[in-house]
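Novice:
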Ligand SMILES: Nc1ncnc2c1ncn2[C@@H]1O[C@H](COP(=O)(O)OP(=O)(O)O)[C@@H](O)[C@H]1O
Ligand SMILES: [Mg+2]
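Protein chains in written order, with the numbering used here: chain F, 2 to 354; chain H, 63 to 302.
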């Protein structure tokens with residue numbers, strides 16, 4: 002299929018640019034920013050998966066991002082072995098999602114109620130960690146640090162060389178690599194039978210149940226996977242910034258939702274693109290803002306206006322818009338029908354085959 | 063005689079607040095039987111089906127299917143035991159293609175290759191092979207009914223519940239459906255709710271009449287349809 006090959010080519014091109022060209026150019030600020038964007042990009046992927054494909058609207062998905070980050074920092078400070086800490090952190094993020102998901106899905110909580118519960122969990126963690134400044138708040142040898150977070154978090158080391166932390170360039174390549182691997186993993190997941198059942202549950206949960214699929218189990222599986230994925234993002238964030246309660250706050254959760262909507266709900270690449278574009282924009286606006294003279298606007302205000310524009314004018318987000326544009330051109334060249342149908346981003350019939 | 067039954071409902075009751083939609087219904091169905099369920103609107107037929115398929119938990123009474131009590135089991139478990147239901151309002155996957163939805167249904171119990179073959183076979187049997195790549199949401203009401211039917215039949219359930227399957231179908235589709243239902247009884251028991259008397263007369267063997275949540279009459283079609291009480295209930299309501 003023409004379009005899926007084009008999509009794959011675009012992703013491959015982006016990967017070559019991010020993983021080969023950028024490191025070769027060696028621009029340090031680009032790479033440091035890029036690491037942060039990639040960590041957030043993985044978080045965006047996590048929400049894109051559960052919301053766009055599973056229909057699970059989690060307003061507090063950053064909770065697992067933060068939990069992954071904190072678990073990594075605490076485990077790394079205590080164990081010394083950063084890779085073991087990474088595994089523990091991802092497992093813990095996934096397990097937290099599993100526990101929370103169990104109560105929500107078996108309690109048949111859905112839609113906006115589910116969103117509010119996850120957000121509440123995230124904000125409780127935010128409030129809790131914010132007040133852990135005192136000396137009594139240490140786990141083993143890791144001080145939780147209150148609103149300052151844990152700046153002393155050990156950086157991942159070269160595998161097998163516990164005394165050699167990765168350089169910022171290496172962290173960048175690792176974070177970007179993880180983003181692309183995460184993207185491919187999600188892409189594969191939605192193309193499996195499991196993924197198709199998940200989409201069918203989003204389409205019509207009762208029908209899926211009447212065909213013999215236990216929706217609770219499938220949602221739990223998806224939510225757990227996404228929680229672990231967000232945890233990976235959090236670990237990377239801990240390595241390129243450092244963990245702090247802000248990972249759990251309303252702004253992080255709100256931005257995340259904006260990235261997904263602006264990029265295109267129902268796609269995987271769209272939300273990652275939305276995340277990168279909006280973070281770049283925020284960085285740019287932040288620089289302009291600090292440069293003085295133009296501080297009559299607030300970067301958040303700009304983001305809000307953009308979101309409104311996208312929702313009102315584009316409806317489905319940037320990537321679906323681009324695909325529809327491509328289809329319009331293709332249709333004019335006489336390739337009608339098939340492509341036009343596959344353009345609907347809510348039709349998550351995986352197009353890989 | 064219990065061994066010869068595939069389904070037995072005993073005193074099955076569903077109350078919604080003050081309304082008793084189904085009130086102590088007993089029903090016995092043998093394997094391979096074709097049973098028509100008729101009755102005026104609001105008689106409790108759909109509610110009865112929802113209890114059999116696990117969409118509603120009965121307020122009282124019991125349902126035993128292949129020797130297993132279904133009360134309290136989740137709908138997905140009941141489906142895996144071998145009950146398939148076509149609901150009154152078509153319940154389909156509007157965002158998927160016809161083939162994708164039917165394959166999903168077949169795939170629950172079959173490996174991928176066999177599921178695909180089963181899909182083709184089922185679509186051909188129902189006569190909607192030409193719709194296979196269409197989006198379900200784009201189809202006419204009657205066609206969506208057929209798609210739902212294909213999804214229900216693809217896993218080859220032992221008991222098929224059909225709630226007003228002919229609604230919205232063309233005369234052609236209805237007559238095809240009648241043949242299909244009769245053919246279906248070679249491998250499954252079928253309970254069908256239908257309002258169309260032509261349809262009932264064409265396929266019916268045994269008829270159960272619901273009225274106000276209770277069984278009003280039961281027996282061979284000719285006899286039941288000639289029953290004065292049934293005529294009163296039916297014509298009275300239909301005329302009103
Ligand atoms: N979820 C519900 N809540 C309250 N009342 C209901 C519900 N579902 C059905 N009923 C009532 O139960 C009765 C039987 O409805 P139903 O089973 O749909 O009848 P039928 O399918 O025979 O037309 C009706 O009076 C209906 O209003
Ligand atoms: Mg009904």
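In this text, a Cβ means the ideal position worked out from N, Cα and C, and glycines have one as well.
Quick one: is residue 259 of chain H buried, meaning 16 or more other Cβ sit within 10 Å of its Cβ, or exposed?
Specialist: Exposed: under 16 other Cβ atoms inside 10 Å.
Novice: Taking only heavy atoms of ligand 1 into account, decide whether any of them is closer than 8 Å to the Cβ of residue 102 of chain H.
Specialist: Yes - ligand 1 has a heavy atom lying nearer than 8 Å to the Cβ of residue 102 of chain H.
Novice: Distance, Cα to Cα, residue 181 of chain H vs residue 161 of chain H?
Specialist: Using only the alpha carbons, I get a separation of about 7 Å.
Novice: At the 9 Å Cβ level, is residue 78 of chain H part of the contact set with chain F, yes or no?
Specialist: Not one chain F Cβ lies under 9 Å of residue 78 of chain H.
Novice: Can you list, in chain order, the residues of its chain with a C-beta nearer than 6 Å to that of residue 71 of chain F? Leave out the 5 residues immediately preceding and following it.
Specialist: So the list reads 244, once near-sequence residues are dropped.
Novice: Would you check if the segment 142-152 of chain F and the segment 86-100 of chain F touch, i.e. whether three or more CB-CB distances between them fall below 8 Å?
Specialist: No: fewer than three Cβ pairs fall under 8 Å.
Novice: Going along the chain, which residues of its own chain have a beta-carbon closer than 6 Å to the beta-carbon of residue 267 of chain H, five neighbours each way excluded?
Specialist: Counting only Cβ-Cβ distances below 6 Å, and skipping sequence neighbours, we find 96.
Novice: From the DSSP output, in three-state form, read off residue 181 of chain F for me.
Specialist: Reduced to three states, the DSSP call for residue 181 of chain F is helix.
Novice: Looking at the secondary structure, which residues open and close the alpha helix (DSSP H) in which residue 207 of chain F lies?
Specialist: Unbroken alpha helix (DSSP H) run through residue 207 of chain F: 206-211.
Novice: In terms of alpha-carbon separation, which member of F:107, F:306, F:168 lies closest to residue 241 of chain F?
Specialist: Taking only the C-alpha atoms, the option nearest residue 241 of chain F is F:168.
Novice: So within the segment 132-196 of chain F, which uninterrupted alpha helix (DSSP H) runs reach at least 4 residues, ignoring any that extend past its ends?
Specialist: If we require 4 residues or more, the alpha helix (DSSP H) runs fully inside the segment 132-196 of chain F come out as 169-192.
Novice: Take residue 83 of chain F and list the residues in its own chain whose beta-carbon comes closer than 6 Å to its own, dropping the five residues that flank it on each side.
Specialist: Hits under 6 Å: 77, 155, 157, 158.
Novice: Check this for me: beta carbons of residue 134 of chain F and residue 239 of chain F, under 9 Å apart or not?
Specialist: Taking 9 Å as the Cβ cut-off, residue 134 of chain F and residue 239 of chain F do not qualify as a contacting pair.
Novice: Residue 213 of chain H versus chain F: which residues are under 7 Å apart at the beta carbon?
Specialist: Here the neighbours are 212.
Novice: Using a beta-carbon distance below 9 Å, is residue 293 of chain H in contact with chain F?
Specialist: No, residue 293 of chain H lies away from the interface with chain F (no Cβ there is under 9 Å from its Cβ).
Novice: Whole angstroms are fine: how far does the CA of residue 133 of chain H sit from the CA of residue 291 of chain H?
Specialist: Distance between the alpha carbons of residue 291 of chain H and residue 133 of chain H is about 32 Å.
Novice: To which residues does DSSP link residue 72 of chain H through a beta bridge?
Specialist: According to DSSP, residue 72 of chain H bridges with H:124.
Novice: Specify the secondary structure class of residue 273 of chain H as computed by DSSP and reduced to three states.
Specialist: Three-state result, residue 273 of chain H: strand.
Novice: Could you compute how far the alpha carbon of residue 48 of chain F sits from the alpha carbon of residue 158 of chain H?
Specialist: Those two C-alpha atoms are separated by around 22 Å.
Novice: Using a Cβ-Cβ cut-off of less than 9 Å, list which residues of the segment 26-55 of chain F approach chain H; keep chain order.
Specialist: Those would be none; no residue qualifies.
Novice: If you reduce the DSSP assignment to three classes, tell me which class residue 14 of chain F lands in.
Specialist: If DSSP states are grouped into helix, strand and coil, residue 14 of chain F belongs with the helices.
Novice: When the Cα atoms are used, what is the spatial distance from residue 173 of chain F to residue 166 of chain F?
Specialist: Distance between the alpha carbons of residue 173 of chain F and residue 166 of chain F: 13 Å.
Novice: Using the three-state DSSP reduction, which class does residue 237 of chain H fall into: helix, strand or coil?
Specialist: Here residue 237 of chain H sits in helix by DSSP.
Novice: Decide if the segment 195-205 of chain F is in contact with the segment 45-63 of chain F; the criterion is three or more beta carbon pairs, one per stretch, under 8 Å apart.
Specialist: Counting Cβ pairs under 8 Å, three or more are found: they touch.
Novice: Are the beta-carbon atoms of residue 263 of chain F and residue 311 of chain F separated by less than 9 Å?
Specialist: Yes, they are a contact pair.
Novice: In the DSSP assignment, find the unbroken alpha helix (DSSP H) run with residue 251 of chain H in it and report its ends.
Specialist: Counting along the chain, residue 251 of chain H falls outside any alpha helix (DSSP H), though it belongs to the beta strand (DSSP E) covering 251-255.
Novice: Under 9 Å, Cβ to Cβ, is there at least one residue of chain H near residue 128 of chain F?
Specialist: Taking Cβ atoms only, chain H never reaches closer than 9 Å to residue 128 of chain F, which makes this a no.
Novice: Can the beta-carbon of residue 228 of chain H be found less than 9 Å from the beta-carbon of residue 272 of chain H?
Specialist: Contact: no.
Novice: Given a cut-off of 9 Å on the beta-carbon distance, is the pair residue 126 of chain F and residue 68 of chain F in contact?
Specialist: Yes. Within cutoff.
Novice: Quick one: does residue 111 of chain F have its CB under 9 Å from some CB of chain H?
Specialist: Not closer than 9 Å to any Cβ of chain H, the Cβ of residue 111 of chain F fails to qualify, so no.
Novice: Between the C-alpha atoms of residue 230 of chain H and residue 323 of chain F, what's the straight-line distance to the nearest angstrom?
Specialist: So the alpha carbons of these two residues sit roughly 38 Å apart.
Novice: Keeping to the same chain, check which residues put their C-beta closer than 8 Å to that of residue 66 of chain H; ignore five residues upstream and five downstream.
Specialist: Correct list, in chain order: 92, 93.
Novice: 9 Å is my cut-off, CB to CB: does residue 200 of chain F come that close to chain H?
Specialist: Yes, residue 200 of chain F counts as interfacial toward chain H.
Novice: Would you call residue 152 of chain H buried or exposed, if buried means 16 or more other Cβ atoms sit within 10 Å of its Cβ?
Specialist: The residue in question, residue 152 of chain H, is buried, as its Cβ has 16 or more Cβ neighbours within 10 Å.
Novice: Which partner residues does residue 1 of chain F have in the DSSP bridge list?
Specialist: Lying before the first or after the last residue shown, residue 1 of chain F is absent from chain F, which here runs from 2 to 354.
Novice: The alpha helix (DSSP H) that contains residue 148 of chain H, what's its start and end?
Specialist: That residue, residue 148 of chain H, is in no alpha helix (DSSP H); its beta strand (DSSP E) goes 145-148.
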